[in-house]
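Structure first, then comments.
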Amino acid sequence: MNSTAVIIGAMLISPLMTPIVGLGFGLAIFDTRLIKQSLEVLLTQVLVSLLVSTLYFWISPLSYASSELIARTSPTIWDDLIAIAGGIAGVIGSRKRVRKTNNTKS
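The working numbering numbers the first residue of the sequence shown as 1256 and each following residue consecutively.
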């Protein structure tokens, strides 16, 4: 539970990413239907997440947050710069077109 890789991995595969990406895309293309749908899904997921996590921690014997979780609640400028660099790399990676070449000669 006190592993940086596990915590970051859990944040990366967050089920909340789909409506967040949908909201961003809807805003980018000015699609009000997509924006509304994404906001509804996001709100529903946040409420369900809060409800389930509250129930879990009422039942669970865990009573404290680990140092790794606490570290994620106070980001530094370096965290922001790494996030921006990662976002730029993701945009470049998703936009780069791969040329298909046929090296066989007839």
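All residues carry an ideal CB built from backbone N, CA and C; glycine is no exception. None of these values were measured; they are calculated from a predicted model.
Close beta carbons around residue 1274, own chain, < 6 Å, minus the five adjacent residues each side | As a first step, residue 1274 must be located in the sequence shown, where it is residue number 19. In its chain, beyond the 5 residues on either side, 1293, 1296 and 1297 have a beta carbon closer than 6 Å to the beta carbon of residue 1274.
On the three-state DSSP scale, how would you describe residue 1274?
-> One-based indexing of the sequence shown puts residue 1274 at position 19. Reduced to three states, the DSSP call for residue 1274 is helix.
Buried versus exposed, by CB contacts within 10 Å (16 or more), residue 1281 | Residue mapping note: residue 1281 aligns to position 26 of the sequence shown, counting from 1. Residue 1281 is buried by the Cβ-count criterion.
DSSP state of residue 1286 mapped onto helix, strand, coil | What you label residue 1286 is simply residue 31 of the sequence shown in a count that begins at 1. If DSSP states are grouped into helix, strand and coil, residue 1286 belongs with coil.
Roughly how many whole angstroms lie between the Cα atoms of residue 1289 and residue 1299?
-> If you number the sequence shown from 1, residue 1289 lands on position 34. If you number the sequence shown from 1, residue 1299 lands on position 44. Distance between the alpha carbons of residue 1289 and residue 1299 is about 15 Å.
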